[in-house]
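Participant:
Number of protein chains: 2
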Amino acid sequence: MSLQKEYMAKRQLIPKSEDMSKWYTQVIQMAQLADYSPVKGCMVIRPNGYGIWENIQEKMNPLLKELGVQNAYFPLFIPLSFLSKEAEHVEGFAPELAIVTHGGGEELKEKLVVRPTSETIMYDMYSKWIQSYRDLPLSLNQWNNVVRWEKRTYFFLRTTEFLWQETHTAHAKHQDAMDMVLNGLELYRTIAEDYLAIPVIKGRKSAAEKFAGAELTTTIEAIMPDGKALQAGTSHDLGQHFSKKEAFNIAFQNEKGEVDYVWQTSYGLSTRIIGGLIMTHGDNEGLVLPPNIAPVQVMIVPATNDRLQTTQFCEELEKTLKSQQVRAKVDTRNTLSMGWKLNDAELQGVPLTIVVGEREIEAHELTLKIRYSNEKRIVSQIGFEKIVTKILEDIQVGMLAAATKKRDALTFEVSSYDMFKEKMNTTKGFIKAFWCEDPVCEKFIKNETTASTRCLPFTNKQGDVAEEKGVCIYCQNPATHRWLFAQSY
Amino acid sequence: MSLQKEYMAKRQLIPKSEDMSKWYTQVIQMAQLADYSPVKGCMVIRPNGYGIWENIQEKMNPLLKELGVQNAYFPLFIPLSFLSKEAEHVEGFAPELAIVTHGGGEELKEKLVVRPTSETIMYDMYSKWIQSYRDLPLSLNQWNNVVRWEKRTYFFLRTTEFLWQETHTAHAKHQDAMDMVLNGLELYRTIAEDYLAIPVIKGRKSAAEKFAGAELTTTIEAIMPDGKALQAGTSHDLGQHFSKKEAFNIAFQNEKGEVDYVWQTSYGLSTRIIGGLIMTHGDNEGLVLPPNIAPVQVMIVPATNDRLQTTQFCEELEKTLKSQQVRAKVDTRNTLSMGWKLNDAELQGVPLTIVVGEREIEAHELTLKIRYSNEKRIVSQIGFEKIVTKILEDIQVGMLAAATKKRDALTFEVSSYDMFKEKMNTTKGFIKAFWCEDPVCEKFIKNETTASTRCLPFTNKQGDVAEEKGVCIYCQNPATHRWLFAQSY
Numbered sequence: 039m040s041l042q043k044e045y046m047a048k049r050q051l052i053p054k055s056e057d058m059s060k061w062y063t064q065v066i067q068m069a070q071l072a073d074y075s076p077v078k079g080c081m082v083i084r085p086n087g088y089g090i091w092e093n094i095q096e097k098m099n100p101l102l103k104e105l106g107v108q109n110a111y112f113p114l115f116i117p118l119s120f121l122s123k124e125a126e127h128v129e130g131f132a133p134e135l136a137i138v139t140h141g142g143g144e145e146l147k148e149k150l151v152v153r154p155t156s157e158t159i160m161y162d163m164y165s166k167w168i169q170s171y172r173d174l175p176l177s178l179n180q181w182n183n184v185v186r187w188e189k190r191t192y193f194f195l196r197t198t199e200f201l202w203q204e205t206h207t208a209h210a211k212h213q214d215a216m217d218m219v220l221n222g223l224e225l226y227r228t229i230a231e232d233y234l235a236i237p238v239i240k241g242r243k244s245a246a247e248k249f250a251g252a253e254l255t256t257t258i259e260a261i262m263p264d265g266k267a268l269q270a271g272t273s274h275d276l277g278q279h280f281s282k283k284e285a286f287n288i289a290f291q292n293e294k295g296e297v298d299y300v301w302q303t304s305y306g307l308s309t310r311i312i313g314g315l316i317m318t319h320g321d322n323e324g325l326v327l328p329p330n331i332a333p334v335q336v337m338i339v340p341a342t343n344d345r346l347q348t349t350q351f352c353e354e355l356e357k358t359l360k361s362q363q364v365r366a367k368v369d370t371r372n373t374l375s376m377g378w379k380l381n382d383a384e385l386q387g388v389p390l391t392i393v394v395g396e397r398e399i400e401a402h403e404l405t406l407k408i409r410y411s412n413e414k415r416i417v418s419q420i421g422f423e424k425i426v427t428k429i430l431e432d433i434q435v436g437m438l439a440a441a442t443k444k445r446d447a448l449t450f451e452v453s454s455y456d457m458f459k460e461k462m463n464t465t466k467g468f469i470k471a472f473w474c475e476d477p478v479c480e481k482f483i484k485n486e487t488t489a490s491t492r493c494l495p496f497t498n499k500q501g502d503v504a505e506e507k508g509v510c511i512y513c514q515n516p517a518t519h520r521w522l523f524a525q526s527y
Numbered sequence: 039m040s041l042q043k044e045y046m047a048k049r050q051l052i053p054k055s056e057d058m059s060k061w062y063t064q065v066i067q068m069a070q071l072a073d074y075s076p077v078k079g080c081m082v083i084r085p086n087g088y089g090i091w092e093n094i095q096e097k098m099n100p101l102l103k104e105l106g107v108q109n110a111y112f113p114l115f116i117p118l119s120f121l122s123k124e125a126e127h128v129e130g131f132a133p134e135l136a137i138v139t140h141g142g143g144e145e146l147k148e149k150l151v152v153r154p155t156s157e158t159i160m161y162d163m164y165s166k167w168i169q170s171y172r173d174l175p176l177s178l179n180q181w182n183n184v185v186r187w188e189k190r191t192y193f194f195l196r197t198t199e200f201l202w203q204e205t206h207t208a209h210a211k212h213q214d215a216m217d218m219v220l221n222g223l224e225l226y227r228t229i230a231e232d233y234l235a236i237p238v239i240k241g242r243k244s245a246a247e248k249f250a251g252a253e254l255t256t257t258i259e260a261i262m263p264d265g266k267a268l269q270a271g272t273s274h275d276l277g278q279h280f281s282k283k284e285a286f287n288i289a290f291q292n293e294k295g296e297v298d299y300v301w302q303t304s305y306g307l308s309t310r311i312i313g314g315l316i317m318t319h320g321d322n323e324g325l326v327l328p329p330n331i332a333p334v335q336v337m338i339v340p341a342t343n344d345r346l347q348t349t350q351f352c353e354e355l356e357k358t359l360k361s362q363q364v365r366a367k368v369d370t371r372n373t374l375s376m377g378w379k380l381n382d383a384e385l386q387g388v389p390l391t392i393v394v395g396e397r398e399i400e401a402h403e404l405t406l407k408i409r410y411s412n413e414k415r416i417v418s419q420i421g422f423e424k425i426v427t428k429i430l431e432d433i434q435v436g437m438l439a440a441a442t443k444k445r446d447a448l449t450f451e452v453s454s455y456d457m458f459k460e461k462m463n464t465t466k467g468f469i470k471a472f473w474c475e476d477p478v479c480e481k482f483i484k485n486e487t488t489a490s491t492r493c494l495p496f497t498n499k500q501g502d503v504a505e506e507k508g509v510c511i512y513c514q515n516p517a518t519h520r521w522l523f524a525q526s527y
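Which chain is which? The protein sequence lines are A and B, in order. If you read the first sequence in the working numbering, its first letter stands for residue 39, the second for the next number, and so on. If you read the second sequence in the working numbering, its first letter stands for residue 39, the second for the next number, and so on.
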């Protein structure tokens with residue numbers, strides 16, 4: 039789309055408050071985060087969207103390293119037979135597989151699956167590499183693309199191909215694995231809350247909602263402004279499901295010299311979280327990005343294109359900000375007006391805009407515009423970079439606080455199934471309710487309200503949960519935990 | 039493999055000087071750069087190998103940005119029909135395709151190709167995005183995985199799936215495209231020579247050797263110690279082959295208001311260059327990595343594991359070096375002896391090793407061991423970080439110089455076909471010889487000597503070539519250029 043057309047189109051951006059779903063697909067295209075591709079179910083991630091993903095990678099890599107995780111790369115293709123080695127795993131993924139039947143002009147003897155996740159191909163190698171307790175822990179991560187066939191797709195939230203990271207660790211003891219599960223989950227909380235400013239609730243999944251092949255799945259759950267939940271990252275205790283002899287036989291000699299099987303974990307976070315970012319913070323004018331993750335943190339807009347003095351001044355500002363590790367950029371496109379550029383910066387959710395005209399230069403001032411609060415500030419040019427840095431920090435804090443407030447306003451405790459249903463028919467949102475943990479009740483609730491159990495919230499970093507006395511919202515039998523329910527993406 | 043077994047295996051590393059090919063596959067596995075996977079033709083890149091690729095990415099991203107290139111992501115799958123839109127392109131890639139015929143449990147209406155390269159899927163989007171000269175240049179890059187079916191595979195150098203970056207740019211004028219082709223090539227020279235310490239020759243490919251769909255292919259060519267050439271990166275002028283109406287119809291309104299078609303370029307560099315890195319620098323003891331690309335630049339080895347003082351001292355050294363942006367690491371594995379650790383560091387090609395024992399601590403000295411020259415130096419602990427930084431710089435320069443010397447010793451000018459054949463039967467190497475540029479002669483030479491034209495070398499950054507008067511080495515007809523011939527990987 040040419041810039042003119044985009045500008046025209048922006049004028050027609052449907053307000054988020056009117057129809058979030060339409061707004062979502064429109065704003066993604068207009069802000070050039072992504073576009074539809076000619077391949078059904080697959081999208082193109084454009085630089086504005088990919089830049090967010092790159093920032094997530096840049097933030098996450100050092101955190102993974104702190105957990106002793108190293109990056110590696112495993113094959114895209116997996117022999118079909120591998121998936122069957124863990125019974126639940128193949129059952130979970132079989133309906134979503136893309137199958138390669140021909141390669142190099144010949145029909146393949148064994149069909150290959152395009153990885154939907156890499157447990158099986160990685161653990162085949164783990165069984166080769168791990169012999170002794172000295173080889174443990176083995177903790178590898180991949181940044182890659184995976185394919186899970188989808189009939190109905192939605193930008194970022196549900197696409198046939200998506201990008202993610204998947205970490206797979208093997209340990210000598212179950213406790214070490216459990217520590218890693220919780221460390222992985224805490225890492226995701228950090229990414230979601232401290233960088234993306236998306237408040238999340240940590241907890242564990244019900245048996246029905248856990249990962250295919252896991253002993254236990256933990257999750258971070260966010261609530262979107264339309265009251266639907268987004269599972270933003272999951273961390274799994276795989277127990278010895280994949281390591282046992284009949285599966286991948288990842289045996290090792292323990293410190294006592296006995297044969298043992300490793301305890302494993304896996305955790306993953308995908309480009310889907312970018313969908314959560316867009317929905318959580320965007321407004322009627324377009325995207326709103328938190329500074330910690332915005333590809334451009336400060337857009338400097340010259341009031342005119344024809345004055346060399348203004349351009350040079352803007353470039354000086356950019357240089358000063360960059361020297362303070364601020365991702366600043368001058369909008370130098372000289373066929374566009376100032377108004378146009380300001381609209382673009384607004385649509386694309388740039389956290390802070392600086393407008394520079396003759397007046398500002400002469401008065402030794404700068405006009406700052408804060409995207410998320412729509413606030414304007416006039417500041418002195420002297421030491422402006424310190425003020426900008428401080429404002430960016432404040433924006434980050436402010437955005438998480440605002441999102442948390444919205445999340446809390448969409449979180450309800452209910453004591454009767456009627457209230458439950460009423461909430462699901464009106465505001466939706468997170469509903470806290472007692473559940474007896476019988477999968478039958480869970481299924482009925484889901485069939486009748488489309489709300490599923492999102493998690494049993496943790497009360498601390500150790501993964502403890504609150505024990506209470508109550509009765510199941512559905513069957514009235516005794517229940518000891520309040521679960522979090524919601525409709526979900 | 040357990041550490042013990044690795045150590046045993048290292049003892050059996052075949053000398054590079056004896057059989058480079060065997061040494062190559064052995065050293066890659068022993069140094070844990072990569073391993074065979076259960077999927078035919080695909081390999082696993084382990085952390086030691088992937089770390090090199092991450093460093094290449096880290097060096098290349100800012101260079102791409104300087105050229106105005108932005109990162110993005112396009113789908114893995116390409117509709118089979120897309121490939122046919124450019125005649126040479128489909129002909130070139132058809133024999134190497136992996137085909138997805140089933141997705142989500144159903145047979146697909148249109149078969150999908152796993153991308154062997156992304157021209158077609160990207161240019162379909164380019165035709166949607168580009169309307170006016172104001173939308174140009176459009177310069178996007180992807181770091182991704184591609185699949186080209188291979189019957190015979192070789193670690194890094196030839197695998198069915200490999201990792202690479204592919205940059206695709208569109209311009210209003212042919213001259214702008216040509217500038218980009220040469221800038222891309224210069225970028226590759228920088229990566230190869232300044233970071234990987236692999237000397238390369240820039241030049242253009244013959245018609246027979248150019249990229250399927252290109253108007254012109256430029257290349258960087260390196261020579262391996264066994265006298266075989268490695269094409270280490272290519273940059274293509276695609277002309278209007280893909281943009282013309284019958285192909286992807288990437289039309290735009292030019293400044294005069296007329297309809298025009300964009301001029302395109304693409305360039306790519308893959309994990310194959312890691313193969314070149316291993317062969318160029320490795321020696322009988324294992325890998326030798328240049329500091330600019332080594333995942334670990336300095337390995338600090340405590341002489342004993344049981345002395346807290348030594349460990350703490352080593353960690354202080356690590357901290358000091360890290361504060362100087364040196365990638366330092368203490369080998370803290372406490373079940374292994376010093377000798378073992380030194381052997382590991384040597385095998386893995388760590389540029390510099392520091393050995394720390396009681397003697398060193400007391401004498402306020404450090405023992406440094408330089409991997410590539412096998413040199414030992416005793417230095418004072420005071421200000422050692424400055425010395426280390428300087429030594430790392432010297433190693434980088436020294437390794438390129440040493441590799442250039444070897445390259446020059448393997449470069450020959452010949453004036454007769456007999457000499458040509460003799461060289462190809464003995465030392466092999468780069469052979470400079472006049473060629474009339476008739477594809478028939480090129481084909482006969484290749485059939486008779488297995489040597490192909492590698493490139494017509496450029497004499498400067500502008501891509502000029504030397505015009506000379508001579509006769510074709512094969513047919514004796516007049517020839518105006520000396521081409522570079524070699525057998526190749």
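All C-beta atoms in this analysis are idealised placements derived from N, C-alpha and C, irrespective of residue type, glycine included.
Using the C-alpha atoms, what's the distance from N182 (chain B) back to M39 (chain B)?
Facilitator: As a first step, residue 39 (chain B) is located in the second sequence; it is residue number 1 there, counting from the start. As a first step, residue 182 (chain B) is located in the second sequence; it is residue number 144 there, counting from the start. A caution first: M39 (chain B) carries a pLDDT of 43, below 50, which makes its placement in the model unreliable, though a value can still be read off. Rounded to whole angstroms, M39 (chain B) to N182 (chain B) spans 29 Å at the Cα level.
Participant: Have a look at B:S170, B:A230, B:E92 and flag the residue whose alpha-carbon is nearest the alpha-carbon of K294 (chain B).
Facilitator: If you number the second sequence from 1, residue 294 (chain B) lands on position 256. Minimum Cα distance to K294 (chain B) is reached at B:S170.
Participant: In the segment 68-91 of chain B, which residues sit with their C-beta less than 7 Å from some C-beta in chain A, listed in chain order?
Facilitator: Correct list: D73, S75, P76, V77, C80, V82, I83, R84, P85, Y88.
Participant: Let me confirm a value: S165 (chain A) is counted as buried when at least 16 other C-beta atoms fall within 10 Å, else exposed. Which label applies?
Facilitator: Here residue 165 (chain A) corresponds to residue number 127 of the first sequence, with the count starting at 1. That one is buried.
Participant: Name the residues in the segment 152-168 of chain B whose C-beta lies less than 9 Å from a C-beta of chain A; which are they?
Facilitator: Answer set for the segment 152-168 of chain B: V152, I159, M160, D162, M163, K166, W167, I168.
Participant: Hey, how far is the Cα of L374 (chain A) from the Cα of L385 (chain A)?
Facilitator: One-based indexing of the first sequence puts residue 374 (chain A) at position 336. One-based indexing of the first sequence puts residue 385 (chain A) at position 347. Near 15 Å, if we compare the C-alpha coordinates of L385 (chain A) and L374 (chain A).
Participant: Find the nearest neighbour of P85 (chain A) within the set A:Q95, A:L71, A:E124, judged by alpha-carbon distance.
Facilitator: Numbered from its first residue, the first sequence carries residue 85 (chain A) at position 47. The shortest Cα separation from P85 (chain A) among A:Q95, A:L71, A:E124 belongs to A:L71.
Participant: Tell me, please, whether the segment 116-123 of chain A touches the segment 87-106 of chain A by the rule of three or more beta-carbon pairs shorter than 8 Å.
Facilitator: Counting Cβ pairs under 8 Å, fewer than three are found: no touch.
Participant: Tell me whether D432 (chain B) is buried or exposed, calling it buried when 16 or more other Cβ atoms sit within 10 Å of its Cβ.
Facilitator: For the purposes of this step, residue 432 (chain B) is taken as the residue at position 394 of the second sequence. Exposed.
Participant: Looking only at DSSP bridge pairs, what is E396 (chain B) linked to?
Facilitator: Start at 1 with the first residue of the second sequence, and residue 396 (chain B) comes out as number 358. DSSP, once it has assigned bridges, lists no residue as partnering E396 (chain B).
Participant: Return the bridge partner residues of W301 (chain A) from the DSSP annotation.
Facilitator: Residue mapping note: residue 301 (chain A) aligns to position 263 of the first sequence, counting from 1. Answer is A:H209.
Participant: Could you tell me which uninterrupted beta strand (DSSP E) segments, each at least 3 residues in length, are contained entirely in the segment 247-291 of chain B, listed from first to last along the chain?
Facilitator: With a minimum length of 3 residues, the continuous beta strand (DSSP E) runs that stay inside the segment 247-291 of chain B are 254-261, 267-277, 289-291.
Participant: Less than 8 Å separating the beta-carbons of L325 (chain B) and G387 (chain B)?
Facilitator: Locating residue 325 (chain B) in the second sequence gives position 287, counting from the first residue. Locating residue 387 (chain B) in the second sequence gives position 349, counting from the first residue. In contact: L325 (chain B) and G387 (chain B) (Cβ atoms closer than 8 Å).
Participant: In chain order, what residues of the segment 369-401 of chain B put their CB closer than 7 Å to some CB of chain A?
Facilitator: Under the 7 Å Cβ criterion, the segment 369-401 of chain B contributes T373.
Participant: Looking at C-alpha atoms only, which residue of A:P516, A:Y226, A:T158 is the closest neighbour of S119 (chain A)?
Facilitator: Within the first sequence, numbered from 1, the residue matching residue 119 (chain A) stands at position 81. With distances taken between Cα atoms, S119 (chain A) lies closest to A:T158.
Participant: If you draw a straight line from the C-alpha of T518 (chain A) to the C-alpha of K470 (chain A), how long is it?
Facilitator: Counted from its first residue, the first sequence places residue 518 (chain A) at position 480. Counted from its first residue, the first sequence places residue 470 (chain A) at position 432. Cα to Cα, T518 (chain A) sits roughly 13 Å from K470 (chain A).
Participant: Whole angstroms is fine: what's the gap from R186 (chain A)'s alpha carbon to T309 (chain A)'s?
Facilitator: Residue numbering aside, residue 186 (chain A) sits at position 148 when the first sequence is read from its first letter. Residue numbering aside, residue 309 (chain A) sits at position 271 when the first sequence is read from its first letter. About 14 Å.
Participant: Compute the Euclidean distance between the alpha carbons of E354 (chain A) and V336 (chain A), then round it to the nearest angstrom.
Facilitator: Within the first sequence, numbered from 1, the residue matching residue 354 (chain A) stands at position 316. Within the first sequence, numbered from 1, the residue matching residue 336 (chain A) stands at position 298. Answer to the nearest angstrom: the Cα atoms are 13 Å apart.
Participant: I'd like the list of long-range same chain contacts for L102 (chain A), defined as Cβ closer than 6 Å, with 5 residues on each side in sequence excluded.
Facilitator: Reading the first sequence from its first residue, position 64 is the one you call residue 102 (chain A). So the list reads N179, once near-sequence residues are dropped.
Participant: For a minimum of 3 consecutive residues, which ranges assigned as the beta strand (DSSP E) are wholly contained in the segment 102-176 of chain A?
Facilitator: Within the segment 102-176 of chain A, the complete beta strand (DSSP E) runs of at least 3 residues are 115-117, 136-141, 144-152.
Participant: How far does the beta strand (DSSP E) with E413 (chain A) in it reach, from first residue to last?
Facilitator: Residue 413 (chain A) sits at position 375 when you count from the first residue of the first sequence. Residues 413-418.
Participant: Whose Cβ in chain D lies nearer than 8 Å to the Cβ of F193 (chain B)?
Facilitator: The question asks about chain D, but that chain is absent: this structure's protein chains are A and B.
Participant: How many Å lie between P329 (chain B) and Y192 (chain A) at the Cα?
Facilitator: Position 291 of the second sequence holds residue 329 (chain B). Position 154 of the first sequence holds residue 192 (chain A). Approximately 45 Å between the Cα atoms of the pair.
Participant: State the DSSP-derived secondary structure class of Q180 (chain A), mapped to helix, strand or coil.
Facilitator: As a working note, residue 180 (chain A) is residue 142 in the first sequence. Three-state result, Q180 (chain A): strand.
Participant: Going by alpha carbons, who is nearest to F450 (chain A) out of A:R345, A:Q362, A:L254, A:T465?
Facilitator: The residue you call residue 450 (chain A) lines up with position 412 of the first sequence. When each option's Cα is compared against that of F450 (chain A), the closest is A:T465.
Participant: For a test of the three-state rule: what should DSSP assign to W202 (chain A), helix, strand or coil?
Facilitator: Mapped onto the first sequence, residue 202 (chain A) falls at position 164. Strand, per DSSP.
Participant: Go ahead and label L346 (chain A) buried or exposed: buried means 16 or more other beta carbons lie within 10 angstroms of its beta carbon, across all protein chains shown.
Facilitator: For the purposes of this step, residue 346 (chain A) is identified with residue 308 of the first sequence, where counting begins at 1. Counting Cβ neighbours within 10 Å, L346 (chain A) comes out exposed, since fewer than 16 surround it.
Participant: Whole angstroms is fine: what's the gap from G143 (chain A)'s alpha carbon to K283 (chain B)'s?
Facilitator: Taking the first residue of the first sequence as position 1, residue 143 (chain A) is located at position 105. Taking the first residue of the second sequence as position 1, residue 283 (chain B) is located at position 245. If you take the alpha carbons of G143 (chain A) and K283 (chain B), they lie about 30 Å apart.
Participant: State the Cα-Cα distance for the pair V368 (chain A) and T358 (chain A), rounded to the nearest angstrom.
Facilitator: Position 330 of the first sequence, counted from the first residue, corresponds to residue 368 (chain A). Position 320 of the first sequence, counted from the first residue, corresponds to residue 358 (chain A). So the alpha carbons of these two residues sit roughly 12 Å apart.
Participant: Going along chain A in order, which residues have a C-beta closer than 8 Å to the C-beta of E199 (chain B)?
Facilitator: Looking up residue 199 (chain B) in the second sequence gives position 161. Ordered by position in chain A, the residues that pass the 8 Å Cβ test against E199 (chain B) are P113, L114, F115.
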